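Our numbering applies: residue 566 is where the first sequence begins, and numbers increase by one. All C-beta atoms in this analysis are idealised placements derived from N, C-alpha and C, irrespective of residue type, glycine included. Given the structure is predicted, the values throughout are model-derived calculations rather than measurements. Reading through the structure tokens given below for one structure.
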Amino acid sequence: MGLGSCFRIYANNVYLVSVTNYRITTTTPFHPRCRPSCSLFHSTISNGTPPPGTLHALSVKNGSFQTLNSANHLLSLYVKSYNMGHAQKLFDEIPHKNTHTWTILISGFARAGSSEMVFNLFRGMQAKGACPNQYTLSSVFKCCSFDNNLQLGKGVHAWMLRNGVDVDVVLGNSVLDVYLKCKAFQYAERLFELMDEKDVVSWNIMIGAYLRVGDVEKSLDMFRKLPCKDVVSWNTIVDGLMQCGCERRALEQLYSMVEYGIGFSAVTFSIALILASSLSVVELGRQLHGMVLKRGFDSDGFTRSSLVEMYCKCGRMDKASIILRDVPLDFRRKGDVGVTSKEPEAGIVSWGSMVSGYVWNGKYEDGIKAFRLMVRELVVVDIRTVTTVISACANAGILDFGRHIHAYVQKIGHRIDAYVGSSLIDMYSKCGSLDDAWMIFRQVNKPNVILWTSMISGCSLQGQGRQAISLFEEMLNQGIMPNEVTFLGVLNACSHAGLLDEGCRYFRMMKDAYCINPGVEHCTSMVDLYGRAGCLTETKNFIFENGLSHLTSVWKSFLSSCRLHKNVEIGKWVSDMLLQVAPSDPGAYVLLSNMCASNHRWNEAARVRSLMHQRGVKKQPGQSWIQLKDQIHTFVMGDRSHHQDKEIYSYLDTLIGRLKEIGYSLDAKLVMQDVEEEQGELLISHHSEKIAVVFGIINTTNGIPIRIIKNLRICTDCHNFIKYASQLLDREIIVRDIRRYHHFKHGSCSCEDYW
DNA sequence: ATAGGGTTAG
């Protein structure tokens, strides 16, 4: 993790520490009593340290920075306070480096996850004839594990054996971990057998590795054979089972822990709380909360964060905020925090969880408020939390908040890595701003599959099918291995762009060349592809050949294709199938009645509606929302609750009049097609998306695109209305509905009227 | 100095 500018609190003073071009600056001078000396470097860490940069400057000035020993101490001080930029600079200045000098810097970069730096330094070290010690090797192996660099790991392991390096159990475990993280199970198993000294950590590493690849039986077997389990062994098995989707078995193991009297650690609580929220057992969560309080684990930041997250996921924001109330933002001043402790991060995580929690629960304003508070209070927001929040913004479609966070990431000087990059690309493309997504995509250094996939899916989402495909081809050319998600993006792109042949080719490629079994989503996408191309017979064959006839999504897609191609005969048959599979799905009835209506079969349409009514199937009410400044404005059909309602409706009526002059018409038959409620022209003209659009027009200046999010699919009339409005007012209007994006510009839509 | 908590795409 790179470190840019950040705020650090030393002895109740806030320092802005910025590291740019290896130069360190602080806004507030440190305490004048401090005089740099070797011993001071150590003692100051624990009791309110002035930034080491200042110490460095002073020590150079008054000549106390002379011996290699003191240089190494200073180096380690930089490393411990995460100032790797300055550490590197100092390192370069040290003329005669010893093993210790190299090791300090290497371990620092290893902790920061900068594998490339570690590998380069390690090579440099060997070239200069400095002999790596066990600490050095351990750091290198850690990076090999992190980077899946099997080649280097194997090389260093061989070098160790050749040079007769004394391998103790810790170093042996590091090597074992490399082989397992790289999924080199044969090597690992052989090494495990040959290790003359094995401890419980070695076993835990093995058990964890089998769980990561989903080999539940093997890991459970080893777990049972393990003679002296520690709490980590138990944590590993509970968490691993949960990750493998065996939540019930995880819960059983958790209960066994209690039975055997194994004391829970903070990690156990974290895992257990997540388990409780994924099983939606609020009661278990509450019990755990009680235990946490009883055992005093509520001072642990990670545990608190899990508590907050658990309550957030259960929708209990009240409970979550109570926990957070006891975690003040100035938690770092409480004196229980050392520079090297994980605690500051953990406190931040609690707040980050709260921000995400608000967003998950649709309380965007509160989320934004909490985030602002964090920033205002000069808290360093943990980058992992940031990615979570960005992804929450993506799913909630709130571009402004997303942009704020993007700006924040830039401000703190964090490099946009694959994690942040993917979530930003996703956010921008889901919020309808593909240009920004491209900008992010181009600036990421080492793109991985996920990054490529985000961009491919983004293009596909925005209807840029061809673009998505050429991106995919480029990815293959660069030797990046696509996975099932990538193929899903590509297939969706083909289906949106109507590229039948290409879609079929990629589907075969996925199965034959990459041995990926098509999942439900892939098959639905294929059904969509065939259906949209008008190959209704092929669609039907595909469904039966692939045994998909039990899937609601497949029949729904088929039915909308029938509607598109106005094939009522097949459509009726499809809707029979659909109603058999999903008799209580409101979408089935709506689609069917729409299809009948658009073919002027009014009686049948009415029959479908009354059937729906009889069976007590309720349609989801339509809702649209738009963000202006910090506020999210939500509208339902015929909404009168907004304080600007008079203005909105009079503008809407005028606008409809003007649009009619350029060709828009409120067609009576469209009234019946509607996905929301459908009774007469008045109601259709007051659909939530129309209200939201008008509200946006009134409250923004010309030239600013209007972004609307809708919880259902957009109806034909609103689609028409917005097309004409974009032409008349020369405005870009972007509507994200439940299925896809509609990018209206100059009177046409990016979906080319298919959705 | 080794293992376990939560980060990105659908």
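Item: Using the C-alpha atoms, what's the distance from G922 back to S1189?; Value: 22 Å
Item: I need the DSSP call for S1060, collapsed to helix, strand or coil.; Value: helix
Item: Say whether the stretch 708-715 touches the stretch 728-743, bearing in mind that this needs 3 or more beta-carbon pairs closer than 8 Å, one atom from each stretch.; Value: yes
Item: Using only the alpha-carbon positions, how far apart do S767 and F757 sit?; Value: 8 Å
Item: Short check: CB of S1090 to CB of N1132, under 8 Å?; Value: no
Item: Which residues in the same chain as T1265 place their Cβ atom closer than 8 Å to its Cβ, once the five residues preceding and following it in sequence are excluded?; Value: L1193 and I1271
Item: Can you check the stretch 1145-1190 for any alpha helix (DSSP H) of at least 4 residues that lies completely inside it and give the ranges in chain order?; Value: 1151-1163 and 1167-1179
Item: Among S710, N1168 and I659, which one has its Cα closest to the Cα of V683?; Value: S710
Item: Let's test the definition: count the other Cβ atoms within 10 Å of the Cβ of F966 and tell me whether it reaches 16, buried, or not, exposed.; Value: buried
Item: Within this structure, are the beta carbons of S703 and L736 separated by less than 8 Å?; Value: yes
Item: Looking at S990: is its Cβ nearer than 8 Å to the Cβ of I970?; Value: Per the sequence presented here, residue 990 reads as Ile, with Ser not at that position. Against a cut-off of 8 Å, the Cβ pair of I970 and I990 comes out as no contact.
Item: By Cβ distance below 7 Å, which residues in the same chain neighbour A675 in space, the five residues on each side in sequence not counted?; Value: V683, S704, K707 and C708
Item: Between S1158 and V1146, is the Cβ-Cβ spacing less than 8 Å?; Value: no
Item: Jot down the residue ranges of each uninterrupted alpha helix (DSSP H) in the stretch 939-991, minimum 4 residues, whole runs only, in chain order.; Value: 948-961 and 964-976
Item: With a threshold of 16 other CB atoms inside 10 Å of the CB of H874, please say whether the residue is buried or exposed.; Value: At residue 874 the sequence reads Glu, which differs from the His that was named. Buried, by the Cβ-count rule.
Item: Can you give me the Cβ contacts of L849 inside the same chain, cut-off strictly under 6 Å, excluding the 5 residues immediately before and after it?; Value: A841
Item: Under the DSSP definition of a beta bridge, which residues are partnered with V1201?; Value: Q1188
Item: Which term fits A885, buried or exposed, when burial requires 16 or more other beta carbons within 10 angstroms of its beta carbon?; Value: buried
Item: Based on the DSSP output, what are the partners of K1275 in its beta bridges?; Value: S1189
Item: If F1368 and I1287 are in contact, beta carbons under 8 Å, what's the gap, nearest whole angstrom?; Value: Residue 1368 lies beyond the range of the chain shown here (566 to 1320); nothing can be said about it.
Item: Go through its chain and collect everything with a Cβ distance to S1315's Cβ below 7 Å, but skip five positions before and after it.; Value: Q1027, G1028, Y1306, H1307 and H1308
Item: One question on the structure: do H1294 and K1255 come within less than 8 Å of each other, judged by their Cβ atoms?; Value: Contrary to the premise, residue 1294 reads as Leu rather than His in this sequence. Not a contact, by the Cβ cut-off of 8 Å.
Item: At which residues does the alpha helix (DSSP H) containing F788 begin and terminate?; Value: V781 to K790
Item: With a threshold of 6 Å on Cβ separation, who are the neighbours of Y984 within its own chain once the five nearest residues in sequence on each side are excluded?; Value: T952
Item: Tell me the DSSP secondary structure of S998 in three-state form.; Value: coil
Item: When the distance is taken between beta carbons, is L776 closer than 8 Å to C809?; Value: yes
Item: Using the rule of at least 16 other Cβ atoms within 10 Å of the residue's Cβ for burial, across every protein chain shown, is M1083 buried or exposed?; Value: Reading off the sequence, residue 1083 comes out as Pro, not Met. P1083 is buried by the Cβ-count criterion.
Item: What whole-angstrom Cβ distance do T666 and F656 have, given they're in contact under 8 Å?; Value: 7 Å
Item: Which same chain residues, not among the five before or five after Y1229, have their C-beta less than 7 Å away from its C-beta?; Value: N1285, F1286 and Y1289
Item: Could you pull out every unbroken alpha helix (DSSP H) segment of at least 4 residues lying fully inside the stretch 767-843, listed in chain order?; Value: 781-790, 796-808, 812-824 and 831-843
Item: Less than 8 Å between the beta carbons of S1035 and S987, yes or no?; Value: no
Item: In the DSSP assignment, the alpha helix (DSSP H) including Y1214 goes from what residue to what residue?; Value: D1210 to E1226
Item: Mind checking T1051: buried by the 16 CB within 10 Å criterion, or exposed?; Value: buried
Item: For A935, which residues of its own chain have a beta-carbon under 7 Å away from its beta-carbon, when the five flanking residues on both sides are left out?; Value: W916, M919, V920 and Y923
Item: Answer with buried or exposed for H1178, where buried requires no fewer than 16 other C-beta atoms within 10 angstroms of its C-beta.; Value: exposed
Item: Give the DSSP-derived three-state secondary structure of Y1306 in the structure shown.; Value: strand
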